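Please read the structure below before turning to the comments.
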Amino acid sequence: MIARNTVGAISSSACSASSRTGAVSQRVMTRQQSHISASSRSHQLRCGCPLSTSPNSSFFGKKPFRLVLPDLDGLYVHIDRYVKNDRPLLLGGAKDPGTFFVKTVKRTSTDAAYNQNTFYEAWRLIIQRYGIYNPYTGLGAIRGLLPHGPHNVRDILATHILKKTGSYEQASYAIQDTPEMVAEHYGRFLPQDKAALAAEILNRVWAA
Numbered sequence: 001m002i003a004r005n006t007v008g009a010i011s012s013s014a015c016s017a018s019s020r021t022g023a024v025s026q027r028v029m030t031r032q033q034s035h036i037s038a039s040s041r042s043h044q045l046r047c048g049c050p051l052s053t054s055p056n057s058s059f060f061g062k063k064p065f066r067l068v069l070p071d072l073d074g075l076y077v078h079i080d081r082y083v084k085n086d087r088p089l090l091l092g093g094a095k096d097p098g099t100f101f102v103k104t105v106k107r108t109s110t111d112a113a114y115n116q117n118t119f120y121e122a123w124r125l126i127i128q129r130y131g132i133y134n135p136y137t138g139l140g141a142i143r144g145l146l147p148h149g150p151h152n153v154r155d156i157l158a159t160h161i162l163k164k165t166g167s168y169e170q171a172s173y174a175i176q177d178t179p180e181m182v183a184e185h186y187g188r189f190l191p192q193d194k195a196a197l198a199a200e201i202l203n204r205v206w207a208a
């Protein structure tokens, strides 16, 4: 649950996290000027300088990026429980790397810190297990979604929202970029999907 709801938001960015009591302060993976903060009401992702493929985009306006993480499926409870209980168990007494996500410490791997390769492997495994839509259980994310690495999240979000809404603007919000960029890179997905959206609306009208 933690991975499904939060990894997409923070990906492999370098952030730090705190429990709602403010007692714990941790980075996600690496050391950059970004962190997750927590208040009595919300968990927030804040990046001093946008960690994006388009940091100079007008979307950011050269300002720090701030995102309130939605409390989906009890996300805040899971974050707090992970920080308080699960994370210490994963560390198993090993040196704390100071990152939000840590690897299980084993005899063959005493370093609890993720690097680019191990984070990619963990992400892909989580997507295989929990992110792929399962027609038998009805669980999973987007139908037709295949196993992928964290670098694909941006494309997946943009194309999915574009197909569902037909809106360049809404798709741009999801990937922290501009409607113009979305139209340039993902516009090829829209014509047939616009027709499908229109047909769906008409079908609802006739059904009523």
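Residue numbers for the sequence shown follow the UniProt record's numbering, beginning at 1 and rising by one. We put the CB at the ideal spot given by N, CA and C, even for glycine. Computed from a predicted structure; not experimentally measured.
- DSSP lists no bridge partner for H160.
- Ranked by Cα distance from G98, the first of R204, Y120 and V83 is V83.
- Relative to P88, the option among W206, V102 and S109 whose CA is nearest is V102.
- When DSSP assignments are scanned along the stretch 69-128, the uninterrupted stretches of alpha helix (DSSP H) that are 4 or more residues long and fall wholly within it turn out to be 75-81, 87-91 and 116-126.
- In the DSSP annotation of this structure, S167 is not part of any alpha helix (DSSP H), being labelled neither H nor E.
- Between Y133 and L145 the beta-carbon gap is near 6 Å, inside 8 Å, which marks them as a contact.
- Pairing I156 with H148, the inter-Cα distance amounts to about 10 Å.
- Approximately 5 Å separates the beta-carbon atoms of T104 and L90; this is inside 8 Å, confirming the contact.
- For T110, the CB contacts under 7 Å within the same chain, skipping 5 residues up- and downstream, are A94 in chain order.
- In this structure, DSSP gives R154 a helical state, which the three-state scheme calls helix.
- Taking 9 Å as the cut-off, the Cβ atoms of T159 and A141 do not count as close.
- In the three-state reduction of the DSSP assignment, R66 falls in the strand class, which pools E and B.
- Taking all protein chains shown into account, G187 has fewer than 16 neighbouring C-beta atoms within 10 Å of its C-beta and is therefore exposed.
- Using a 10 angstroms sphere on the CB of Q176, the tally of other CB atoms reaches 16 or more, which defines it as buried.
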